[in-house]
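Residue numbers (the working numbering): 9 to 363. We put the CB at the ideal spot given by N, CA and C, even for glycine. The structure under discussion appears below in the form of structure tokens.
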């Protein structure tokens, strides 16, 4: 079921409609997996890539899916290790969705064996056996993601349910209609150090009414910093270039938050009146800057954003993290973000640049 109502080739919907039909859509998947047939699974996997690219620090390898409503407990076991519980709660992972987060130090190079145990209120626990590869090799740039070559299950999703689809003679990627929500995140690279340039295009279609929303790219994505064992992890570590409704414009932010601690932020925006259904081109760059001794000083981010067919702007918007939210030096992934809205992205190219 698609909760979006198409009007004049753009999508219009209310928050109430979103909540009602999003729940129905999610439940439909779960019921299809479980229903009244006890032989059908309690766990539905949305995204489990065959190969996870390099992870670093708090940037985890995530497996996303949904469970049947009768499930009361979720546990997992990685590579015959200890059984660990993980939970669904908060804005990131509202039931029936789940996100299983695995830190880099817990992954084995090569093949990993994963078991997910779902325990219903009545009846016996059910174990889902899964397998994936992990490659911690350094990321080789440039990288161009052509969505026509990537199966939905192999998307390296951090949160939510994403899909690739064909449109206007090409392929694009988006949060699956019916599953737009808080910070739907898709990693487009593994973690790597140094400067990076990201080029893509985005088309906006609609948002949840009466809620703040945004969409764009994460030139730096460092995951959800939190204590070991917390589920779902509650922090964030990022540099972002996007449109954000609270500022009614396009701009950039650096943000860091550890677990439940108070976050630090710095941002810069300019007013921007977007149009639904219009393709916008964006170029975002982020580089680390060093002092004369080679010690890390800061990260500098800059952005250009304009409608397709219009000239590229001469001037960049710029921001440094030391103005209010210094990020830890290290390796960061690149990602896409859709916050409480429906957008789709074209191919993404990531290249290495120097500071």
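DSSP-derived helix/strand/coil call for residue i
i, result
"residue 160", "helix"
"residue 99", "coil"
"residue 316", "coil"
"residue 68", "coil"
"residue 329", "helix"
"residue 42", "Unreliable placement is indicated for residue 42, whose pLDDT of 42 sits below 50; the coordinate value is still reported in the next sentence. Reduced to three states, the DSSP call for residue 42 is coil."
"residue 179", "strand"
"residue 249", "strand"
"residue 114", "helix"
"residue 91", "coil"
"residue 324", "coil"
"residue 173", "strand"
"residue 32", "Reliability fails at residue 32, whose pLDDT of 34 lies under 50, so the model's placement of it is uncertain and the value that follows must be treated cautiously. In this structure, residue 32 counts as helix in the three-state DSSP scheme."
"residue 17", "Its pLDDT being 31, under 50, residue 17 is placed unreliably in this model, and the value from its coordinates should be taken loosely. Reduced to three states, the DSSP call for residue 17 is coil."
Contact check, residue i vs residue j, beta carbons under 9 Å
i, j, result
"residue 261", "residue 251", "no"
"residue 350", "residue 232", "no"
"residue 138", "residue 121", "yes"
"residue 249", "residue 259", "yes"
"residue 161", "residue 291", "no"
"residue 72", "residue 168", "yes"
"residue 325", "residue 311", "yes"
"residue 314", "residue 221", "no"
"residue 111", "residue 191", "no"
"residue 272", "residue 61", "no"
"residue 339", "residue 234", "no"
"residue 307", "residue 297", "yes"
"residue 77", "residue 125", "no"
"residue 2", "residue 224", "Shown here, the chain extends from 9 to 363; a query on residue 2 therefore has no answer."
"residue 289", "residue 316", "yes"
"residue 361", "residue 203", "yes"
"residue 170", "residue 55", "yes"
"residue 123", "residue 85", "yes"
"residue 255", "residue 282", "no"
Cβ-Cβ separation, residue j to residue i (assumed contact under 8 Å), whole Å
i, j, result
"residue 165", "residue 245", "So it is not a contact: roughly 18 Å between Cβ atoms."
"residue 342", "residue 227", "6 Å"
"residue 117", "residue 142", "6 Å"
"residue 64", "residue 199", "4 Å"
"residue 345", "residue 193", "6 Å"
"residue 189", "residue 274", "The Cβ separation is near 26 Å, so there is no contact."
"residue 57", "residue 187", "Actually they are not in contact, since the Cβ atoms of residue 57 and residue 187 sit about 18 Å apart, beyond 8 Å."
Exposure of residue i, with buried meaning 16 or more beta-carbon neighbours within 10 Å
i, result
"residue 59", "exposed"
"residue 230", "buried"
"residue 90", "exposed"
"residue 50", "buried"
"residue 216", "buried"
"residue 32", "Since pLDDT at residue 32 reaches only 34, below the 50 mark, its modelled position is unreliable, and the value read off the structure follows with that caveat. Exposed, because fewer than 16 other Cβ atoms sit within 10 Å of the Cβ of residue 32."
"residue 352", "buried"
"residue 79", "buried"
"residue 74", "buried"
"residue 175", "exposed"
"residue 68", "buried"
"residue 322", "exposed"
Neighbour flag for residue i against chain B, beta carbons, 9 Å
i, result
"residue 292", "Looking for chain B here will not work: only one protein chain is present."
Contact test: residue i Cβ vs the ligand FAD heavy atom, cutoff 8 Å
i, result
"residue 163", "This structure lacks the ligand FAD; in fact it carries no ligand of any kind."
Any 3 or more C-beta pairs closer than 8 Å across the stretch 262 to 269 and the stretch 140 to 150: Output reads no: the stretch 140 to 150 does not touch the stretch 262 to 269.
At least 3 beta-carbon pairs within less than 8 Å: the stretch 179 to 190 vs the stretch 128 to 136: Too few Cβ pairs lie closer than 8 Å, so no.
Three or more C-beta pairs below 8 Å linking the stretch 354 to 363 and the stretch 196 to 215: Per the Cβ contact rule, the stretch 354 to 363 is in contact with the stretch 196 to 215 (3 or more Cβ pairs under 8 Å).
Contact the stretch 92 to 108 vs the stretch 233 to 240: 3+ CB pairs below 8 Å: Contact holds: three or more Cβ-Cβ distances are below 8 Å.
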